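K.L.:
Here you go, one structure.
In our numbering, the protein residues as written are 169 to 483.
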């Protein structure tokens, strides 16, 4: 096919994408042409996108910072705002590493509701030691952390088996588990986790219907629905996190600006000191909660102490 014919084909695809409602039709057309050289196979991708399937599902990958993470149809597509969780978690891990004197017990991070483990993959990148070089930014959507030598122990868990399959590709150096929140974990890690990070579903059930069709119709509901007030899963995390955290451990959860006070309250009531962090660059909001330096019991009290009132907080 000559140059003029190729250009005409591109313009036709751009027009089809625009008519289907794609705001960034030119950029999407370039990605679709780069994804598949065979005309028939490319046409199949274009038809899927025009029909409303998320671009990331069509391409098989999503951008997350400078990584490409594997994304299969149906799974939750990582959003840019979740980069805030990765940044905060990496900072918390570096603080732990700097304070820890026993190199035989590296800092441990757990990503709950991990989806495709984008945060875990980025933590592997942000905490890697450059012994064998960092992953290439232009690499294909293969495991993005494959060449990272991480000084931390990374664990990720999700209830969705399709998401777990992607997570194992994206974070090959992590222990990736399938199961419902902490129930997925081996008992031996209780009391040893330094950082728990979670992008738990926080959309209220009644608001699912008003979400963009790409999310509402193509991402598994379990990754979106946070219950009547959007806080059901966060509530469960707050109730159980105390026995899994190491003394002084940190919990970081994504939330919305509107829900942040209620989200912070859940962890404050569990005995953790809380603060809300907002990053307008990525439009992300997170609650950061710190455990006391001594282990918490199941009621959120420091072991050996009586509960005398609400914990101090920075919110």
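Just so you know, even glycine gets a beta-carbon here, dropped at the ideal spot from N, CA and C. Bear in mind that the values here come from a model prediction, so they are computed numbers and not experimental data.
Comparing C-alpha positions only, which one of 415, 291, 445 sits nearest to residue 254?
P.N.:
Cα-wise, what sits closest to residue 254 is 291.
K.L.:
With DSSP collapsed to three states, give me the class of residue 404.
P.N.:
Helix, per DSSP.
K.L.:
When burial is assigned at 16 or more other CB atoms within 10 Å of the CB, is residue 350 buried or exposed?
P.N.:
Buried.
K.L.:
If the criterion is Cβ atoms closer than 8 angstroms, does the pair residue 365 and residue 279 meet it?
P.N.:
Cβ atoms of residue 365 and residue 279: closer than 8 angstroms.
K.L.:
Given a threshold of 16 other Cβ atoms within 10 Å of its Cβ, counted over all protein chains shown, does residue 258 qualify as buried or as exposed?
P.N.:
When all chains shown are included, residue 258 counts as buried.
K.L.:
I believe residue 415 touches residue 459 by the beta-carbon criterion, under 8 angstroms. Please report the beta-carbon distance rounded to the nearest angstrom.
P.N.:
Right, the Cβ-Cβ distance comes to about 7 angstroms (below 8 angstroms), so this counts as a contact.
K.L.:
Tell me the DSSP bridge mates of residue 412?
P.N.:
Partner(s): none; residue 412 has no beta bridge.
K.L.:
Got a sec? Which residues, its chain only, sit under 8 angstroms from residue 371 by beta carbon, not counting five neighbours each side?
P.N.:
Around residue 371: 379, 392, 393, 394, 398.
K.L.:
In this structure, does DSSP put residue 242 in helix, strand or coil?
P.N.:
Of the three classes helix, strand and coil, the one that applies to residue 242 here is coil, per DSSP.
K.L.:
Tell me the DSSP secondary structure of residue 484 in three-state form.
P.N.:
Shown here, the chain extends from 169 to 483; a query on residue 484 therefore has no answer.
K.L.:
Taking the beta strand (DSSP E) that residue 232 belongs to, which residues open and close that run?
P.N.:
Looking at the DSSP string, the run of the beta strand (DSSP E) that includes residue 232 is 229-232.
K.L.:
How big is the Cα-Cα spacing for residue 235 and residue 435?
P.N.:
About 31 angstroms.
K.L.:
State the Cα-Cα distance for the pair residue 409 and residue 432, rounded to the nearest angstrom.
P.N.:
Going from the Cα of residue 409 to the Cα of residue 432 covers about 14 angstroms.
K.L.:
Measuring CB atoms only, is the region 440-454 touching the region 320-334, in the sense that at least three cross pairs come out at less than 8 angstroms?
P.N.:
No, the region 440-454 is not in contact with the region 320-334.
K.L.:
Does DSSP put residue 323 in a helix, in a strand, or in coil?
P.N.:
Residue 323 falls in the strand class under three-state DSSP.
K.L.:
Beta carbon of residue 185, beta carbon of residue 173: below 8 angstroms?
P.N.:
No, the Cβ-Cβ distance between residue 185 and residue 173 is not below 8 angstroms.
K.L.:
Are residue 220 and residue 246 touching if we call contact CB-CB under 8 angstroms?
P.N.:
No, the Cβ-Cβ distance between residue 220 and residue 246 is not below 8 angstroms.
K.L.:
Using CA atoms only, rank isn't needed, just tell me which of 252, 359, 327 is closest to residue 294.
P.N.:
Taking only the C-alpha atoms, the option nearest residue 294 is 252.
K.L.:
Taking DSSP as the reference, what is the three-state secondary structure of residue 263?
P.N.:
It is helical.
K.L.:
Taking only the alpha-carbon atoms, compute the straight-line gap between residue 276 and residue 369 and give it to the nearest angstrom.
P.N.:
Cα to Cα, the separation comes out at about 23 angstroms.
K.L.:
Relative to the C-alpha of residue 401, which residue among 421, 384, 388 is closest?
P.N.:
Of 421, 384, 388, the residue nearest in Cα terms is 421.
K.L.:
Leaving out the 5 sequence neighbours to the left and right, which residues in its chain are closer than 7 angstroms to residue 218 when beta-carbon positions are compared?
P.N.:
These residues qualify, in order along the chain: 184, 185, 188.
K.L.:
Where do the N-terminal and C-terminal ends of the beta strand (DSSP E) with residue 279 fall, by residue?
P.N.:
Note, residue 279: beta strand (DSSP E), 276-280.
K.L.:
Measuring alpha carbon to alpha carbon, tell me which residue in 411, 373, 374 is nearest residue 353.
P.N.:
For residue 353, the nearest C-alpha among the options comes from 411.
K.L.:
Can the beta-carbon of residue 367 be found closer than 8 angstroms to that of residue 289?
P.N.:
It is not a contact, given that the beta carbons lie outside the stated cut-off.
K.L.:
Measuring CB to CB, does residue 201 end up less than 8 angstroms from residue 178?
P.N.:
Yes; because the gap between Cβ atoms is below 8 angstroms, this pair is in contact.
K.L.:
Can you find the residues in the same chain that come closer than 7 angstroms, C-beta to C-beta, to residue 344, ignoring five residues on each side of it along the sequence?
P.N.:
Cβ neighbours of residue 344 beyond the five flanking positions: 285, 324, 332, 335, 336.
K.L.:
For residue 457, which residues does DSSP report across the bridge?
P.N.:
According to DSSP, residue 457 bridges with 419, 442.
K.L.:
Examine the ligand GDP and report whether any of its heavy atoms sits within less than 7 angstroms of the Cβ of residue 250.
P.N.:
Among the components modelled here there is no ligand, and therefore nothing to report on the ligand GDP.
K.L.:
Would the beta-carbon of residue 361 fall within 8 angstroms of that of residue 439?
P.N.:
In this structure, residue 439 does not lie closer than 8 angstroms to residue 361 by Cβ.
K.L.:
Can you tell me where the beta strand (DSSP E) with residue 361 in it begins and where it stops?
P.N.:
That run of the beta strand (DSSP E) goes 361-366.
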